[in-house]
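What follows is a short report on a single structure.
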Amino acid sequence: MPPFSPGPCNRIVIYCKNIDAMAQFYADHFGYQPSQKDGDRILELIAPDGGLILMLHQAGKGQRNGQSLIKLVFDVRDVDHTRQNLLERGIKVGPLHQADGYCFANMKDPAGNSVSISSRAFA
C-alpha cells in the first residue's frame, strides 16, 4: 500500500459572530473575494492569486471571539511597507519583530483571531 498523503491544507474555517465584517476585512486588506452557494451556511473567501481559502462560519452562542488557537499568516516580501499600509487603513498592527532571517508583525481580525504578516516564506 502506498504511503498516505493527505494533500496540502487549502482551507481554514473561521468561526465568527459577524461574517459581514470579517468578509469586508479580508476583502479590503488582503484582496479576498467572497463566494457563497445558495443555501450554504459558509461564506468562502478566495484570494485572487490562489492560496488558502478562508471559510467563514457563524459562531455558536457559546463561542467567544478569538477563542480559537489559530493564527493566519500572510506571506509578504516587505513587512514594514505592508504594516504601514494597514496602519494607514486604521488597522491596529503590532510592532515589527525580527526572527531567524525574516520579520513579522501581528494583529487581530474583527473576531479577535490572531493574524500575522510575515516574510518567512521569502527568507
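The opening position of the sequence shown corresponds to residue 465 in my numbering, with each subsequent residue numbered one higher.
Beta carbons are placed, not taken as given, at the ideal position from N, Cα and C, and that holds for glycine.
Tell me the DSSP bridge mates of residue i?
i, result
"residue 516", "Residue 516 pairs with nothing; no bridge assigned."
"residue 480", "522"
"residue 497", "510"
"residue 578", "535, 572"
"residue 475", "517"
State buried or exposed for residue i, treating a residue as buried only when at least 16 other CB atoms are found within 10 Å of its CB.
i, result
"residue 560", "exposed"
"residue 586", "exposed"
"residue 573", "buried"
"residue 577", "buried"
"residue 487", "buried"
"residue 551", "exposed"
CB-CB under 7 Å to residue i, same chain, minus the five flanking residues each way: which ones, in chain order?
i, result
"residue 481", "523, 529, 575"
"residue 543", "560, 567, 568, 569, 581, 582, 583"
"residue 527", "479"
"residue 512", "495, 497"
Assign residue i to one of three DSSP states: helix, strand, or coil.
i, result
"residue 505", "coil"
"residue 488", "helix"
"residue 587", "coil"
Going by beta carbon distance, what residues of the same chain come within less than 6 Å of residue i, once the five residues before and after it are set aside?
i, result
"residue 536", "579"
"residue 477", "519, 521"
* Counting only runs of 3+ residues fully inside the segment 507-571, write out the beta strand (DSSP E) ranges in chain order. => Whole beta strand (DSSP E) segments, 3+ residues: 507-510, 517-522, 535-539.
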